[in-house]
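Working notes, structure below.
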Amino acid sequence: MKKFPFQKSNHSLAPQFDEVIQQLKESKDFTIFMFGIEHDTLCISYFNTLIDTDILHRDLLPYLNKSSSTLEAAVSALPIENLLFTQKPADMQKHLLTGYISITMEGKKDQAVLVKADSQKSRTVSLPEVEFSVIGPKESLVESLDTNLNLIRKRLPIQELKVEELTVGKLSKSRVAVLHIDGICNKKNVSTVIQRISNLDVKQIIDSSYISQMIVDKKNTPFPQFIDTERPDRLAAVLGEGKLVILVDGAPHGLLGPATLVEFFTASEDYFLNWTMASFFRLVRFFAVLFSILITPIYVAILTYHYELLPKNLINTLVISRSGIPFPPILEALVLELVIELLREAGARLPTKVGQTIGIVGGIVIGTASVEAGLTSNVLLIIVALSALASFTTPVYQMGNTIRLIRFPFLLMAYYIGILGVAISFCFMLIHLLRITTLGRPYLEPLYPPKLHSLKDSLIRLPFSLLSKRPAPKQKD
Amino acid sequence: MRIKTIVLSSIMSLFLSGCMDIEPTVLNEINIATAVSYDYIDKDHFTSTAVIPYYMPDKKVNNVTFTATASLSKDVRQKMNQQTDKPIYSGKIEVILYSKELAKHDLTRMTDTLIRDPSVGNTVYLAIVDGKAEDVLIKQLGNVDKGTYLSNAIEHNIQSGILPKTNLHLFSYAQNAEGMDPFLPIIKPKNGNPLITGVALFNQGEFVYQTKEHENVIFKMLVEQSSNKEGFSAKLGEKLFASVYNIASKVSYNIPEPMTNSPIIINLNIEAVLREFTGDKVDKKEIRKIEKKMENVLKKRAEKLIVKLQKLDVDPLGVGEQVRTRTRSWDKKEWEKLYPNIPFQVNVKLNILESGAVE
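Chains A and B, in that order, are what the protein sequence lines are. Per this note's numbering, numbering through the first sequence is continuous, rising by one, with the last residue being 477. Per this note's numbering, numbering through the second sequence is continuous, rising by one, with the last residue being 1359.
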């Protein structure tokens, strides 16, 4: 394994401040200069790419006492609240790399003062783009952990909101924060999550999705087990339900868990609308998911094996639409599903403006042309397009991807043994779902095991007056 | 270990799939028969005709008929397949027609194969053709396939016409029930157009009697626990006609002493709307009069019909079933002896709810 220079310095017995500075000087963006006139010159060093030079020029240099003989005296007039005195060179090195300015005194090289001056370069809080809702708050998380914590804390101004911070990644040294409300959240879950995160042995954590993939209970499943959201209001709301939230510095998405299956189909808009509408839309969403998974396999199964199931008035339409098509229904369906996947993939990779063109080209030109050329039946085209549309109704993006994927085994089984195959695949999916746990809790809760009082906010959402109790009561620690 | 099991089981299922006898029937690669008819030739042979709709790309439907002669209906399909471009499947058959001639020689043998075949639905309509069954199928009517046409025709006559509810399931139920005999609608080909004329009554599987026009409505009212929408008219006097439109009728049996010779009372409650009346002004008194007179007419018709059924020794009304549910000492043979001689009394209660918008 390749060793990095800063690791090497840990091994040498007593690395001096000089040595550290010599190593850091190898980088072009490391600045070091002397300040003062006499023999007690101050040595100021920092990475100019990491610090905010405004702080240096405005708050630091004018207030330094150039004529004092000790380091304490020199920095005593600084208008900065948190000065760090350190005698460990390793400490100095670590802080210099995260945006601190170090001040040492020529001649007295056993002590350094570290001043926090990191530049807070990040996006401003903007509109949520993935989980947009017409009504409700319009703030979304940004890449800066501190801003994100601020967005959540200002929604929950209570002392019970606890934030635990960990550093993960040998290279990225990412800050990962685990949030929970003391007394509501299950302590076992918090300690499990913290332990799993601190046990991670990885080089880099680029995004929160890394964490969510690495700390789940069951890794070999297409079903996501942490909800990935960019809405701070949603995070604050679920913290109040006793869930925990994981934020990663540099990731504009927070994770919340333990999340059960039905929660992946709840949108935050469900709570902004009246309960009647919210319940209706939720039911529509569940219907859309089932429709999206099952309709193409059922079409293939019926057309291949079960012509008896068709209503007598529908046979005419279907036979005409299928007449002259040279492929069996399964091939036709697979090709069309793949076309939709191609369009989606192309649309996702291309810049927004070109992406729209792709949608039009794919949807209208390819669709119409292939029907006119007699390669696909127009009924199947409608079915595939509808099922694609239905899969996009899921509020959590990752769940939408899952639904698009699990349709394919259903399709193949439908081709293989008809409706029986669809039923068998459905049983497999159900068994798989029953076996998944998220942080030890069953994934299908509250449907199975049935929890009557949690059902009030699952497939439907009852009015707030009936939702005064938390959906998942605190488990015994 | 786990991976080994998964790999093994998937390989095994691949090979074992060869043992599955699932035959793909891709919709546009098969011929779907929608109606079949059977005609009598001699004791062991019959002719069968199947209608297969060919759906044209311009949304037109062409009915093509195939005919074959054989001794068992499965053989017939083989002979028909020898004439067609695609194999014929029977899963979407809507209507099965038997000629009257064939029905006189026990239908049980013919319906047995339908009940055994799981692809033939239980709600298939069976019908008897007064004449040559094939004639009903040959002429194309409108832009629908012939099977759908006939099944729609029977269906709407069941919902709002003279036919009591009937299908393969009810037919075979009545055939196998101990105190009941089946009936089927009867169709007459008239210049190639089907005309539903009434009901054919069976003794077990043998055709016995065909109802006359004036018997149809009262037959439906007596057979069905509750029926509606059919209309009937009656001559009440010299130049006096009344016609009512039935909203709801209910039949109930009162059997004080089952399995004896004592009379069986049938109560018929009818609620109706006056549709046509050739008399003078209609007021409450007049309506009472019409009710009384029509009740008498209906009572006579019903009792006459029942006596006729008793004479023919058939029981399409299921009186035997009614008796069987009311007694512990049911004996089929004894009932068969009793049935022709039991006196029936029909009490009709007609309630005219409104007499129309005429002042």
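Ideal Cβ placement from N, Cα and C applies to all residues, glycine included. Quantities reported herein were computed from a predicted structural model and do not represent experimental measurements.
At the level of alpha carbons, what is the spacing between residue i and residue j?
i          : j          : result
A/Leu-50   : A/Ser-208  : 23 Å
A/His-27   : A/Pro-62   : It should be noted that the sequence gives Ser, not His, for residue 27 of chain A. Using only the alpha carbons, I get a separation of about 27 Å.
A/Ile-103  : A/Leu-78   : 12 Å
B/His-1045 : B/Tyr-1125 : 23 Å
A/Glu-341  : A/Gly-242  : 38 Å
A/Ser-122  : A/Val-142  : 7 Å
A/Tyr-210  : A/Tyr-397  : 16 Å
A/Tyr-443  : A/Ser-391  : 20 Å
A/Asp-54   : A/Gln-120  : 12 Å
B/Thr-1069 : B/His-1105 : 17 Å
A/Ala-259  : A/Gln-225  : 6 Å
A/Lys-154  : A/Thr-266  : 24 Å
B/Glu-1094 : B/Phe-1219 : 25 Å
A/Arg-231  : A/Thr-124  : 14 Å
A/Leu-303  : A/Phe-223  : 30 Å
A/Leu-459  : A/Phe-286  : 8 Å
B/Lys-1060 : B/Tyr-1149 : 14 Å
A/Asp-457  : A/Leu-467  : 8 Å
A/Ala-237  : A/Thr-393  : 22 Å
A/Phe-360  : A/Pro-297  : In the sequence as displayed, the identity of residue 360 of chain A is Ile instead of Phe. When rounded, the distance between both Cα atoms is 26 Å.
A/Asp-217  : A/Thr-438  : 6 Å
A/Tyr-299  : B/Asn-1176 : 38 Å
B/Glu-1128 : B/Trp-1330 : Going by the sequence as given, residue 1128 of chain B is Ile instead of Glu. Computed Cα separation, rounded: 32 Å.
A/Thr-352  : A/Gln-111  : 54 Å
For residue i, does the three-state DSSP call read helix, strand or coil?
i          : result
B/Val-1199 : strand
A/Phe-464  : helix
B/Pro-1185 : strand
A/Met-105  : strand
A/Tyr-416  : helix
A/Ser-425  : helix
A/Cys-43   : strand
A/Val-115  : strand
A/Phe-6    : For A/Phe-6, the pLDDT reaches just 48, beneath the cut-off of 50, and the residue's location in the model is therefore unreliable, although a value from the coordinates is still provided. Here A/Phe-6 sits in helix by DSSP.
B/Lys-1250 : strand
A/Tyr-305  : coil
A/Thr-192  : helix
A/Phe-392  : coil
A/Pro-351  : coil
B/Glu-1023 : coil
Just confirm the distance between the C-beta atoms of residue i and residue j, as a whole number of angstroms; I'd bet it's less than 8 Å.
i          : j          : result
A/Leu-247  : A/Gly-254  : 5 Å
A/Thr-229  : A/Glu-131  : 6 Å
A/Ala-74   : A/Leu-60   : Contact flag wrong, Cβ pair sits at about 11 Å.
A/Gly-250  : A/Ser-140  : Actually they are not in contact, since the Cβ atoms of A/Gly-250 and A/Ser-140 sit about 15 Å apart, beyond 8 Å.
A/Leu-166  : A/Ile-206  : Their Cβ separation, rounded to whole angstroms, is 16 Å, which puts A/Leu-166 and A/Ile-206 out of contact at 8 Å.
A/Leu-56   : A/Ile-101  : 6 Å
B/Ala-1083 : B/Phe-1066 : Residue 1083 of chain B is actually Gln in this sequence, not Ala. At roughly 5 Å, the Cβ-Cβ gap stays under 8 Å, so B/Gln-1083 and B/Phe-1066 are in contact.
A/Val-178  : A/Val-190  : 7 Å
B/Leu-1268 : B/Ser-1249 : 7 Å
Buried or exposed, going by whether 16 or more other CB atoms sit within 10 Å of the CB of residue i?
i          : result
A/Gly-374  : exposed
A/Thr-368  : exposed
A/Ile-431  : exposed
B/Asp-1283 : exposed
B/Ser-1048 : buried
A/Thr-276  : exposed
B/Pro-1340 : exposed
A/Gln-213  : exposed
B/Asp-1039 : buried
B/Gly-1198 : buried
A/Leu-283  : exposed
B/Thr-1260 : exposed
So if DSSP puts residue i in a beta bridge, which residue, or which two residues, is it bridged to?
i          : result
A/Leu-438  : Contrary to the premise, residue 438 of chain A reads as Thr rather than Leu in this sequence. Beta-bridge pairing links A/Thr-438 to A/Arg-441.
A/Arg-175  : A/Thr-167
A/Glu-263  : Beta-bridge pairing links A/Glu-263 to no other residue.
B/Ala-1068 : B/Ser-1048
B/Lys-1190 : B/Asn-1193
B/Tyr-1038 : B/Ser-1048 and B/Tyr-1098
A/Val-245  : A/Leu-179 and A/Leu-256
B/Gly-1231 : B/Tyr-1245
B/Gln-1210 : B/Ala-1200
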